[in-house]
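A.B. asks: The structure is given below, and queries will be raised subsequently.
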Amino acid sequence: MHRVVAVANAKGGVGKTSLTAGLAGLVAHTGYRVLTVDADPQGNLCRDLGYPAGDGQSLALAIQNGFELAPLRQVRPNLDCVPGGAALFDIPATYISRMARGQTMTGLRDALLRIEPAPPHSGDYDLVLVDTPPGEPVIQELIFRAADYVIIPTRSDDASLDGLVMVAHRFATARANNERLTLLGVLLFGVRSGSTRLRERVRLALEDALEGVAPVFDTTIRYLESAAVDMRRHGLLPYELEQRHARERSERLARLRSRQPAAGRDDLLSRDAAGLAGDYVALAKEVLAAIATAEADHDATPANAEPARRPSRGPLPG
Ligand SMILES: Nc1ncnc2c1ncn2[C@@H]1O[C@H](COP(=O)(O)OP(=O)(O)OP(=O)(O)O)[C@@H](O)[C@H]1O
Ligand SMILES: [Mg+2]
């Protein structure tokens, strides 16, 4: 069985898509087999991976009827992506009319259980990351039913914290239908500096909403707008932007050494993305460790004699 992780917040612009793409790309780069699913009708995830947005038809049919998913294969080595798009706008109306007839909509879980990485790989993906839309509660609910884990990214402003509280309530409600569902953690995204007090504030808001202990990741993703613009414009992930900076630095140095004239200005706004790329490495380690802990806890309960498969690849770099 794949591990299905939903990335969700009821508020827009808090880093859901950037986080899904950055985390998925990095984990795949390390050798894990990863699938990303773009459950947002805006279809931004493909663009962040450097591909044109799709129509979302394959995913909409999988959610509605359990049809086979048709991912774009190998958008990076070890990484496949099911595109989102406008067809997902139809889901809420279909869901409501099915509910009125006493029917449910569990197709996505079935479709995810059946999908396999492209040959020569087979079997399960190590990780499935699902990007969700901010303002479609029905889609969010259906994703929560199909998922094993949830990550909630949030920014630090009050509106984002309201979104966090709202999605925490939806998470608690979804657990009534899906007792596997586990909150891996809340991630502070786009942080400028000094996150200790902020983390405490988020922890308290979350504990209040969930009426219990609520995990907040130690890692935060720093605010770096120039890098964010470069990544989206060029379809680059954080570690790829860092690699491109390093390449351009060494080319500049080589030109200086050989006294060649300077080339025209490169088209990147940012100068250095190493810190941001490092945040994603730290986060990937924390996320994989949190999954391993959750699976160990799951195995330890008497009802689960069959041990779950742990993340099986080597450690992340950094
Ligand atoms: N580290 C960063 N620092 C500052 N801005 C960033 C960073 N990473 C991404 N951004 C920018 O923040 C904005 C919101 O990010 P993103 O699209 O990932 O959020 P989202 O939650 O998926 O939004 P939506 O709810 O619209 O789907 C984008 O313009 C993105 O380029
Ligand atoms: Mg998004």
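Counting in this note's numbering, the sequence shown tops out at residue 746, every number present. Backbone N, C-alpha and C fix where the C-beta goes; we use that ideal spot for every residue, glycine too. This one's a predicted model, so the numbers in the text were calculated from it and none came from an experiment.
Ordered along the chain, which non-local residues of its own chain (more than five positions away) have a Cβ less than 7 Å from that of Pro-545?
C.D. replies: Counting only Cβ-Cβ distances below 7 Å, and skipping sequence neighbours, we find Arg-461, Asp-508, Tyr-553.
A.B. asks: Quick one: using the 10 Å Cβ neighbour count with 16 as the cut-off for buried, is Thr-458 buried or exposed?
C.D. replies: With 16 or more other Cβ atoms within 10 Å, it is buried.
A.B. asks: Whose C-alpha, out of Asp-590, Arg-687, Ser-698, is nearest the C-alpha of Val-630?
C.D. replies: Val-630 has its Cα closest to that of Asp-590, out of Asp-590, Arg-687, Ser-698.
A.B. asks: In the DSSP assignment, the beta strand (DSSP E) including Val-644 goes from what residue to what residue?
C.D. replies: Val-644 -> beta strand (DSSP E) spans 644 to 650.
A.B. asks: Assuming Ile-719 is part of the alpha helix (DSSP H), what are its boundary residues?
C.D. replies: Taken as a continuous stretch (DSSP letters only), the alpha helix (DSSP H) holding Ile-719 covers 702 to 728.
A.B. asks: Is the Cβ-Cβ distance between Ser-698 and Leu-652 less than 8 Å?
C.D. replies: Contact flag set, yes.
A.B. asks: Would you say Leu-536 and Ile-491 are within 8 Å of each other, going by their C-beta atoms?
C.D. replies: Yes; because the gap between Cβ atoms is below 8 Å, this pair is in contact.
A.B. asks: Using a Cβ-based criterion (distance less than 7 Å to any ligand heavy atom), does Val-558 qualify as near ligand 1?
C.D. replies: No.
A.B. asks: Mind checking whether His-476 and Thr-445 have CB atoms under 8 Å apart?
C.D. replies: Looking at the sequence shown, residue 476 is not His but Asp. Yes. Within cutoff.
A.B. asks: In chain order, what residues of the same chain have a beta carbon less than 6 Å from the beta carbon of Leu-557, not counting five sequence neighbours either side?
C.D. replies: Within the same chain, Leu-557 has close Cβ partners Val-433, Thr-448, Ala-452, Thr-464.
A.B. asks: Where does Pro-505 land, buried or exposed, given buried means 16+ other C-beta within 10 angstroms?
C.D. replies: Looking at its Cβ environment, which holds fewer than 16 other Cβ atoms inside 10 Å, Pro-505 is exposed.
A.B. asks: Using a 10 Å radius around the Cβ and a threshold of 16 neighbouring Cβ atoms, would you call Arg-431 buried or exposed?
C.D. replies: Result: buried.
A.B. asks: Under 8 Å Cβ to Cβ from Leu-744, same chain only, skipping five residues before and after it: list those, please.
C.D. replies: With a pLDDT of 48 at Leu-744, under the threshold of 50, the predicted position of this residue should be treated as unreliable, though the coordinate-derived value follows. Result list for Leu-744: Leu-454, Val-455, Thr-458, Val-709, Ala-712, Lys-713, Leu-716, in chain order.
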